[in-house]
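Working notes, structure below.
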Amino acid sequence: MSKLTAQTLVIATHNAGKLREIAALLAPYGVECISAGSLGLPEPAETGKTFADNALIKARAAAEAAQLPALADDSGLCVEALGGAPGVYTADWAERQWFEGPPGRDWYMAMGKVEGLLCELGPHVDRSCHFACVLALAWPDGTSAVYEGRAEGTYSWPPRGTMGFGYDPVFVPRGGTQTFAELDPEEKHRISHRADAFAKLVAAQFGG
Ligand code: IMP
Numbered sequence: 028m029s030k031l032t033a034q035t036l037v038i039a040t041h042n043a044g045k046l047r048e049i050a051a052l053l054a055p056y057g058v059e060c061i062s063a064g065s066l067g068l069p070e071p072a073e074t075g076k077t078f079a080d081n082a083l084i085k086a087r088a089a090a091e092a093a094q095l096p097a098l099a100d101d102s103g104l105c106v107e108a109l110g111g112a113p114g115v116y117t118a119d120w121a122e123r124q125w126f127e128g129p130p131g132r133d134w135y136m137a138m139g140k141v142e143g144l145l146c147e148l149g150p151h152v153d154r155s156c157h158f159a160c161v162l163a164l165a166w167p168d169g170t171s172a173v174y175e176g177r178a179e180g181t182y183s184w185p186p187r188g189t190m191g192f193g194y195d196p197v198f199v200p201r202g203g204t205q206t207f208a209e210l211d212p213e214e215k216h217r218i219s220h221r222a223d224a225f226a227k228l229v230a231a232q233f234g235g
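Have a look at this one:
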């Protein structure tokens with residue numbers, strides 16, 4: 028298996044917030060992160076059917092174009108009673124249709140769609156769900172590695188809390204009572220699907 032050494036890593040994102048978060052997590056290991064956006068790399072279409080497919084599509088495209096190792100992530104919410112939906116389409120479910128207002132994403136509408144589907148299944152429906160995060164590393168020689176993190180929880184209605192983003196106001200992590208949007212961000216980052224995936228990557232790449 029290829030391993031990361033102290034070197035430059037391309038982060039296959041055009042999102043400055045994600046780059047900052049990932050760069051801070053990898054700085055202690057001597058890895059310098061640069062974003063695909065700053066290198067002017069194109070964003071490939073996320074046509075995969077799984078989180079791993081999409082993360083690998085993004086990581087491989089960046090590694091090939093930059094001729095450097097690259098890291099990409101893909102994440103979303105999976106509701107068990109809905110067969111894992113919205114899953115890889117989590118962000119798409121928030122996309123407004125022309126009759127729903129100005130173009131853009133509406134997370135409250137998306138959370139309401141999930142709640143509507145759960146209600147159709149009856150008052151005693153299983154509200155188990157999980158957030159998934161897959162990190163993919165790809166090297167210019169074609170090798171790759173994938174790390175999957177999960178945060179298990181319950182879909183809670185109505186939405187509560189003002190912190191975080193996306194579906195945080197409806198997600199109550201297992202064993203807790205507050206939603207991700209009510210939790211202190213540090214506490215969320217300690218138990219999140221992203222933290223779980225990063226712990227696995229760090230153990231495999233930099234562990235003993
Ligand atoms: P992507 O991985 O950037 O494509 O994100 C997929 C979508 O999943 C995001 O736009 C969010 O709506 C949702 N999502 C992923 N992680 C979280 C999280 O930690 N909290 C809330 N929503 C999340």
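Just so you know, the sequence shown maps onto residues 28 to 235 in the numbering used here. By construction, the Cβ of each residue, glycine as well, lies at the ideal position given by its N, Cα and C atoms. Remember, it's a predicted structure, so these values are computed and weren't measured experimentally.
Who does residue i pair with in a DSSP beta bridge?
| i | result |
| --- | --- |
| HIS41 | None; HIS41 has no bridge partner. |
| PRO200 | GLY180 |
| ILE61 | VAL37 |
| ARG132 | GLU122 |
| CYS105 | PRO113, HIS157 |
| SER171 | ALA165 |
What do you get for residue i, buried or exposed, if any count of 16 or more other CB atoms within 10 angstroms of its CB means buried?
| i | result |
| --- | --- |
| SER171 | buried |
| HIS157 | buried |
| ARG217 | exposed |
| TRP237 | With the chain covering 28 to 235 only, the question about residue 237 has no answer from this structure. |
| ASP195 | buried |
| HIS151 | exposed |
| TRP120 | buried |
| PHE192 | exposed |
| SER62 | buried |
| ARG47 | exposed |
| PRO113 | buried |
| ALA89 | buried |
| ALA72 | exposed |
| CYS160 | buried |
| ALA163 | buried |
Using three-state DSSP, classify residue i as helix, strand or coil.
| i | result |
| --- | --- |
| PHE158 | strand |
| LEU164 | strand |
| ARG177 | strand |
| GLY110 | coil |
| GLY191 | coil |
| ASP100 | strand |
| ARG47 | helix |
| ALA208 | coil |
| ALA72 | coil |
| LYS30 | coil |
| VAL152 | coil |
| PHE66 | Before going further, note that residue 66 is Leu rather than Phe in the sequence given. LEU66: coil per DSSP, three-state reduction. |
| GLY234 | coil |
| PRO186 | coil |
| LEU95 | coil |
Is any non-hydrogen atom of ligand 3 found closer than 7 Å to the C-beta of residue i, if you look at the structure I gave you?
| i | result |
| --- | --- |
| GLU214 | By its list of ligands, the structure shown excludes ligand 3, since it contains just ligand 1. |
Environment of ligand 1 in chain order, Cβ to heavy atom below 5 Å: ASP101, SER102, GLY103, THR117, ALA118, GLY193, TYR194, ASP195
task: Take every Cβ of the region 32 to 52, pair it with every Cβ of the region 85 to 99, and state whether three or more of those distances are shorter than 8 Å.
output: Contact between the region 32 to 52 and the region 85 to 99 is present, because at least three Cβ pairs lie under 8 Å.
- request: Determine contact between the region 100 to 120 and the region 64 to 78, defined as no fewer than three beta-carbon pairs at a distance below 8 Å.
  value: yes
message: Quick check: the region 53 to 66 against the region 132 to 142, are at least 3 beta-carbon pairs closer than 8 Å?
response: no
task: Check whether the region 194 to 211 touches the region 174 to 184, taking contact to mean three or more Cβ pairs, one atom from each stretch, closer than 8 Å.
output: yes
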